[in-house]
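Asks: Each step along the sequence shown adds one to the number in the UniProt record's numbering, with nothing skipped, and position 85 is 85.
I'd like to ask some things about the structure below.
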Amino acid sequence: MAMSREEIPSFNRVDIEQMLDLHLPKLVKSYIDIPAAHRSEIFRRTGKSASFKLNESLDQMQSKIDDILRNLAQHDIDAFTNNIKFIGQKYADDDDPFK
């Protein structure tokens, strides 16, 4: 039996929904809420600017999304390949003397 999309490695619908509905908006809001005059405090604490840290976090989220999309695409490719094999076996004309 074929694997459902929810069973694909790194695919978790709840995690994706939380990323889109909760984590991403919360990250952006927390960045926006820092008064510009105080963003240098982030640099003092981390050695990197607030905008750099924001982009770093966004890149991490994008990397996770890319992994999920890659795994979903591979799942779809595998399903298509399996269907082609099945059709080839099921409907092959084994009695064709010209093969």
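Glycine is no exception: its CB is placed at the ideal position from the N, C-alpha and C atoms.
If you reduce the DSSP assignment to three classes, tell me which class P35 lands in.
Replies: What you label residue 35 is simply residue 35 of the sequence shown in a count that begins at 1. Three-state DSSP puts P35 in coil, outside helix and strand.
Asks: Would you check if there are 3 or more beta carbon pairs closer than 8 Å linking the segment 31-43 to the segment 79-89?
Replies: With the cut-off at 8 Å, the segment 31-43 and the segment 79-89 do not touch.
Asks: Within the present structure, is the beta-carbon of H23 separated from the nearest heavy atom of the ligand ADP by less than 8 Å?
Replies: This structure lacks the ligand ADP; in fact it carries no ligand of any kind.
Asks: What do you reckon, are the CB atoms on Y31 and S63 nearer than 9 Å?
Replies: What you label residue 31 is simply residue 31 of the sequence shown in a count that begins at 1. What you label residue 63 is simply residue 63 of the sequence shown in a count that begins at 1. No.
Asks: Verify the CB distance criterion: does Q60 have a CB-CB separation below 9 Å to chain B?
Replies: The chain inventory of the structure shown lacks chain B, comprising one protein chain alone.
Asks: In three-state DSSP terms, what is G88?
Replies: Locating residue 88 in the sequence shown gives position 88, counting from the first residue. G88: helix per DSSP, three-state reduction.
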